[in-house]
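Enquirer:
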Amino acid sequence: MSANPVHIAVMGAGLIGRRHVEHILAAPQAALHSIIDPSDDARAFAQNRGLRWHPDLDAALQDGKPDGLIIATPNAMHVEHGLAAIAAGLPVLVEKPLATELAGAERLVFAATKAGIPLAVGHHRRHNPLILRAKKLIEEGRLGRIISVHGFFWLIKPDDYYEIAWRREAGAGPILINLIHDIDLLRFLCGEIVDARAMRSSIIRNFPVEETAVVLLRFANGALGTFNISDTIVAPWSWEQTSGENAVYPRTDESCYLIGGTEGSLTIPRLELWRNGHARGWHEPFSTERHIAPDQDPLRLQIEQFCRVIRDGEAPLVPGHEGLASLRVIEMIRKAAIADEGGKDT
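The sequence shown begins at 0 in the numbering used here and counts up one residue at a time.
#1: Alpha carbon to alpha carbon, how far is L223 from D39?
#2: For N47, report the span of its beta strand (DSSP E) as first-last.
#3: So what does S286 bridge to, in DSSP terms?
#4: Roughly how far, in whole angstroms, is the beta-carbon of L92 from the beta-carbon of A119, given that I think they are within contact range, below 8 Å?
#5: Using the rule of at least 16 other Cβ atoms within 10 Å of the residue's Cβ for burial, across every protein chain shown, is D311 buried or exposed?
#6: Answer with buried or exposed for R199, where buried requires no fewer than 16 other C-beta atoms within 10 angstroms of its C-beta.
#7: Does the separation of the CB atoms of A212 and A197 fall below 8 Å?
#8: For the region 50-99, which segments carrying the beta strand (DSSP E) assignment without a break, of at least 3 residues, lie completely within its bounds, in sequence order?
#9: DSSP three-state label for F297, please.
#10: Just to check my reading of the structure: L29 and I15 have Cβ atoms closer than 8 Å, yes? What is that Cβ distance to the nearest angstrom?
#11: Cutting at 7 Å between CB atoms, please list the residues of its own chain near L24, excluding the five before and the five after it.
#12: Tell me which residue opens and which closes the alpha helix (DSSP H) that W238 is part of.
#13: What separation, rounded to the nearest whole angstrom, lies between the Cα atoms of P117 and P207?
#14: For the alpha helix (DSSP H) that F109 lies in, which residues bound it at each end?
#15: Which word fits W238, buried or exposed, when buried means at least 16 other C-beta atoms lie within 10 angstroms of its C-beta?
#16: Any chance the region 249-265 sits against the region 78-96, with 3 or more Cβ pairs inside 8 Å?
#17: Kindly give me the distance between the Cβ atoms of V78 and A98, rounded to whole angstroms, as I take these residues to be in contact under 8 Å.
#18: State buried or exposed for T261, treating a residue as buried only when at least 16 other CB atoms are found within 10 Å of its CB.
#19: Check each candidate in P90, D252 and P37 and name the one with the smallest Cα separation from G67.
#20: So if DSSP puts L31 in a beta bridge, which residue, or which two residues, is it bridged to?
#21: Buried or exposed for F285, please, with buried defined as at least 16 other CB atoms from any protein chain shown within 10 angstroms of its CB.
#22: Report the start-end ranges of each alpha helix (DSSP H) in the region 199-243 that is 4 residues or longer and not cut off at the edges.
#23: I need the straight-line Cα distance from I309 to R299, nearest angstrom please.
#24: Let's test the definition: count the other Cβ atoms within 10 Å of the Cβ of N74 and tell me whether it reaches 16, buried, or not, exposed.
#25: Go ahead and label F187 buried or exposed: buried means 16 or more other beta carbons lie within 10 angstroms of its beta carbon, across all protein chains shown.
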């Protein structure tokens, strides 16, 4: 640990909150201020690890103000907790999605901007070196002009995942929970998304929340895209199972995104760049380059960057307005799916 570590509190001790705790404890430039979560399970977790615990933010603030706060509470609580952090003058990193509704996300971004408080959003995949490498290849023009994009999120969530009640409710399906990560990356790599069409279904579990969706996308630069998402298919094509980002998922040597341009195509996360030789054409042989990026945990890199945001005034890699923009696309997709169903929401 450095002589003057950045003291960060984590609000919410669920799965992602605990991962943030572990990365803070492991980062030499950071120190864990406390865990904030009213549940008995969170209190026991903190006590077993010898960590400070508080039931709410007010109690944490009375125990020595932290330098920053990570909010990993249930999605519906992000706005309330984010506004409280901003009111307390705390730089804040809010897990994705920024909110469950656009109006709440807009309030949060406006409040942070007005107060001059850094607001980062937990779209941690942007911190992944392989995504930064892919973006560099695109910006260098190696693919030419981007024409089309395709993405997969096919995996199967086990039955016990849905034992938690809110995961079976409208708004907790893969469109908001999972696809928002992919949409954020496609925006980061290929530009703004200006239109979306979608269909969704829940034919297997029959919960009020979708389990499968197909999406058509139009980018501001004229490119088109498709995305196919389902959490009830046994398959190897998802970011979780292709990127190696989280060791709890088995890693497959596959890709989940394909980006095609006038000069070449790129697979992600394999980072295979496919191009013709001397001329472009369907009879021309291909050259293939396999690019390599450092294998680093983006959640750890996100913590390190959040420390620089707090200590050095560095701008967040994913500021609040970027999280808001990705949420707007998700809202377009949700509304398009509702329209396809004749206007009824689930």
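Backbone N, C-alpha and C fix where the C-beta goes; we use that ideal spot for every residue, glycine too.
Expert: From the atom records:
#1: Residue 223 sits at position 224 when you count from the first residue of the sequence shown. Residue 39 sits at position 40 when you count from the first residue of the sequence shown. Roughly 48 Å separates the two Cα atoms.
#2: Taking the first residue of the sequence shown as position 1, residue 47 is located at position 48. Note, N47: premise wrong, no beta strand (DSSP E); alpha helix (DSSP H) at D39 to R48.
#3: Indexing the sequence shown from 1 puts residue 286 at position 287. For S286, which the question treats as bridged, DSSP gives the partners R274.
#4: Position 93 of the sequence shown holds residue 92. Position 120 of the sequence shown holds residue 119. At roughly 4 Å, the Cβ-Cβ gap stays under 8 Å, so L92 and A119 are in contact.
#5: To locate residue 311, count along the sequence shown from 1; it is residue 312. Flag for D311 reads exposed.
#6: Along the sequence shown, one-based indexing puts residue 199 at 200. With 16 or more other Cβ atoms within 10 Å, it is buried.
#7: Position 213 of the sequence shown holds residue 212. Position 198 of the sequence shown holds residue 197. Yes, Cβ-Cβ distance for A212 and A197 is below 8 Å.
#8: 67-70 and 91-93
#9: Along the sequence shown, read from residue 1 onward, the residue named residue 297 stands at position 298. Looking at the sequence provided, one finds Pro at residue 297 rather than Phe. It is helical.
#10: Counting from 1 along the sequence shown, the entry for residue 29 is found at position 30. Counting from 1 along the sequence shown, the entry for residue 15 is found at position 16. Per the sequence shown, the amino acid found at residue 29 is Ala instead of Leu. Rounded, the Cβ-Cβ distance is 17 Å, inconsistent with contact.
#11: As a working mapping, residue 24 is identified with position 25 in the sequence shown. The answer, listed in chain order, is L31.
#12: In the sequence shown, residue 238 corresponds to position 239, counting from 1. Looking at the DSSP string, the run of the alpha helix (DSSP H) that includes W238 is W238 to T241.
#13: If you number the sequence shown from 1, residue 117 lands on position 118. If you number the sequence shown from 1, residue 207 lands on position 208. For P117 and P207, the distance between alpha carbons rounds to 36 Å.
#14: Stepping through the sequence shown from its first residue, residue 109 is reached at position 110. L101 to A114 is the span of the alpha helix (DSSP H), which, as asked, contains F109.
#15: Reading the sequence shown from its first residue, position 239 is the one you call residue 238. Its Cβ being crowded by 16 or more others within 10 Å, W238 is buried.
#16: no
#17: Translated into the one-based positions of the sequence shown, residue 78 becomes position 79. Translated into the one-based positions of the sequence shown, residue 98 becomes position 99. Indeed they touch by this definition, with Cβ atoms about 5 Å apart.
#18: Residue mapping note: residue 261 aligns to position 262 of the sequence shown, counting from 1. The residue in question, T261, is exposed, as its Cβ has fewer than 16 Cβ neighbours within 10 Å.
#19: Counting from one through the sequence shown, the residue named residue 67 turns up at place 68. The candidate whose alpha carbon is nearest that of G67 is P90.
#20: Numbered from its first residue, the sequence shown carries residue 31 at position 32. Per DSSP, I7.
#21: Numbered from its first residue, the sequence shown carries residue 285 at position 286. Answer is exposed; the Cβ neighbour count stays below 16.
#22: 238-241
#23: Along the sequence shown, one-based indexing puts residue 309 at 310. Along the sequence shown, one-based indexing puts residue 299 at 300. One C-alpha to the other measures close to 16 Å.
#24: Taking the sequence shown and counting its residues from 1, the one referred to as residue 74 is at position 75. N74 is buried by the Cβ-count criterion.
#25: The sequence position of residue 187 within the sequence shown is 188, counting from 1. That one is buried.
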